[in-house]
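Peer 1: This is the structure I want to talk about, given as C-alpha cells.
Numbering (our numbering), first residue to last: 1072 to 1562.
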C-alpha cells in the first residue's frame, strides 16, 4: 500500500468477519477518502488512523443497496409522506447506503421529464441514489427518450401490467421498450400482475360484499401474477432483453423465472422482506388495511416455498418496496381496495427483518444473504463500485451485530409512517455501525447527519450481468448462523 502508511487512514474496522458474496475472512478494513483502501489480516499491525471501530464478534458487510424504493411519490389522490432526506436517513439507520427510486411519469409527463424532475427532488438525499425510469405508453418519441435516458445512465425501466387508467403499460408497449433496452444493455423492470384477472376477481368479490381490505388477498390472486410473468418472459425471450421481476410472492413465479433463465433468458427475481415474513392471516386482524400491498401477502404455504427458493439461490435480490403512508391514508378507503393506497414502509427494516428470517431462522449463509442484500442489486443495476468490500470499492460498510435482538416499533423507527407492519416483532441482527461514503453515520452515539451528500449514480450496461450474478450466488465459502453462534468463527 506504499505511501498510504505515511498518511493516516480515515477509519479502520478491526477484527470482524468481512463478508462478501464470494467468501468471508477475518480481517481489518481500511478506509481512506471515501473508498476502501485495503483489507489486512486479523491481528496485523495497524497503520496510522484517525478512528478505529472494533468489529470483533461482528460481521462487516457491504452497505445495502435497496433496488426498490418509492420516495415522495404521488399516486392518484395520495402522496407518500417522506422526501429523500427523510427516506435516506431511515435507510442509513437500517444499514442501506444506496437507494434506487422510481421516476414514473405522471399523466402528460414524458419518461425523460420524470427522471429530470425526480433528480431535482432528490437533491437532499443522504445516501447515494440511482433511478429506474418508467414508461406507461408508447408514442413516436419514446424510443429516442429511452436512448436519452441510457445516455444519462438510466438503463432500468419500470413497467406495470396492472392499474388500468393509471400507470399500466400494455404488453405491446412492454415489447417495444424491451427491444430498445436489449440494444443498450438495459433491463426491463416488471410489476407482474395480469390486470384482467385482477379486475374480474375484484368484481366477483365486490358482488359478494367482500371488496374491503379484509378480503384484499382474494382480489389479487396468485394466478394473476403467474400469468403476467409468463407473458413478460415470452417477450423477453423474443426480444433478447434482460427482465427483472419486482416483489415476487410465490414459489411458482420464482420457478418460472428460474426455468426461463436456465433456457437462456436473462431473467431475475426480487422479493421483499414482508413476503418472506408475513402471510395473509394479517388480513383477518382489526387493522387489515395497514397490510394492503400489491401483490398481496400470500398463504403461509407460499411464504415457506418462497423462503425455500431464496435459500436455493433462485431469488436474486431483496427490495423493500418502501411506500410511506399513514394510518389515516390507509383507513380512508379500507372498504374498497380498488381505491386504497398500496404499499408498506420498509426501507429501514430490510436488513434486520430479512437477516432474521433468512439467516437466523432459515439457515441461509451470510454470503448468500449479502448477495441478495447488496451485491446482486448493485450488479443488476450497473453500480459497479457498490455491493462489495475490497480495494477500490466505495466505503459503504455495515458492522452488523448478528446476535443483537430488538423489537421493531413505529415509536422508535425513523420512517415517516406512523405504523409498522412488524409492530412488536422481535428480530435478531442489527447494525451497530454504518459507514456511508467513508463517513460514520450511525454508531453507539446515534445518527450523525452527513447532510445532502448523496450522489446521482449512473448505471453501466448490463450485458455482463449473467456471469457476475452466478458467481455471487453460488461461489465461495458458505458461513451459517450456527457457525456464528458457536463463537469460534468470530473469535
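Note that the Cβ used here is the ideal one computed from N, Cα and C, for glycine as well.
1) What does the Cβ neighbour count give for residue 1371, buried or exposed, with the cut at 16 atoms within 10 Å?
2) Looking only at DSSP bridge pairs, what is residue 1230 linked to?
3) Quickly, what does DSSP pair residue 1211 with across the bridge? List them, please.
4) Over the uninterrupted alpha helix (DSSP H) stretch that includes residue 1133, give me the two end residues.
5) Using a Cβ distance threshold of 8 Å, determine whether the stretch 1328-1338 contacts the stretch 1304-1312, with at least three qualifying pairs required.
6) Report the partner residues of residue 1293 according to the DSSP bridge assignment.
7) Could you check if residue 1117 is buried or exposed, using at least 16 other CB atoms within 10 Å of its CB as the buried criterion?
8) Below 9 Å between beta carbons: does that hold for residue 1496 and residue 1478?
9) Can you say whether residue 1359 is buried or exposed, counting buried as having 16 or more other CB atoms within 10 angstroms of its CB?
10) Whose C-alpha, out of 1506, 1270 and 1163, is nearest the C-alpha of residue 1465?
11) Comparing C-alpha positions only, which one of 1378, 1203 and 1483 sits nearest to residue 1449?
12) Nearest by alpha-carbon distance to residue 1295: which of 1366, 1225, 1098 and 1551 is it?
13) Between residue 1121 and the rest of its own chain, which residues show a CB-CB distance below 8 Å, the 5 nearest in sequence each way excluded?
14) Under the three-state reduction of DSSP, which class applies to residue 1024: helix, strand or coil?
15) What's the C-alpha gap between residue 1220 and residue 1336?
16) From the DSSP output, in three-state form, read off residue 1091 for me.
17) Identify which residue in 1099, 1322 and 1551 has its Cα closest to the Cα of residue 1437.
18) Check whether the stretch 1121-1136 and the stretch 1155-1175 are in contact - that is, three or more C-beta pairs closer than 8 Å.
19) First and last residue of the beta strand (DSSP E) that includes residue 1497?
20) Locate the beta strand (DSSP E) running through residue 1472, then write down its first and last residues.
21) Assign residue 1264 to buried or exposed, taking buried as 16 or more other Cβ atoms, counted over all protein chains shown, within 10 Å of its Cβ.
22) Using the beta-carbon count (16 or more within 10 Å), is residue 1210 buried or exposed?
23) Please go through the same chain and pick out, in chain order, the residues whose beta-carbon is closer than 6 Å to the beta-carbon of residue 1155, but skip the five residues on each side of it.
Peer 2: Judging by the given coordinates:
1) exposed
2) 1261
3) Beta-bridge pairing links residue 1211 to no other residue.
4) Counting along the chain, residue 1133 falls outside any alpha helix (DSSP H), though it belongs to the beta strand (DSSP E) covering 1130-1133.
5) yes
6) Its beta-bridge partners do not exist; DSSP assigns none.
7) A residue is called buried when at least 16 other Cβ atoms come within 10 angstroms of its Cβ; residue 1117 does not meet this threshold and is exposed.
8) yes
9) With a threshold of 16 other beta carbon atoms within 10 Å, residue 1359 meets it and is buried.
10) Among 1506, 1270 and 1163, the Cα nearest to that of residue 1465 belongs to 1506.
11) Of the listed residues, the one whose Cα sits closest to residue 1449 is 1203.
12) Cα-wise, what sits closest to residue 1295 is 1366.
13) These residues qualify, in order along the chain: 1079, 1080, 1081 and 1082.
14) Any property of residue 1024 remains undetermined from this structure, which presents the chain solely from 1072 to 1562.
15) 24 Å
16) strand
17) 1551
18) yes
19) 1497-1507
20) According to the DSSP assignment, residue 1472 belongs to the beta strand (DSSP E) that extends over 1468-1478.
21) buried
22) exposed
23) The residues 1142, 1193, 1195 and 1196, in chain order, have a CB closer than 6 Å to that of residue 1155 in the same chain once the five nearest residues on each side in sequence are set aside.
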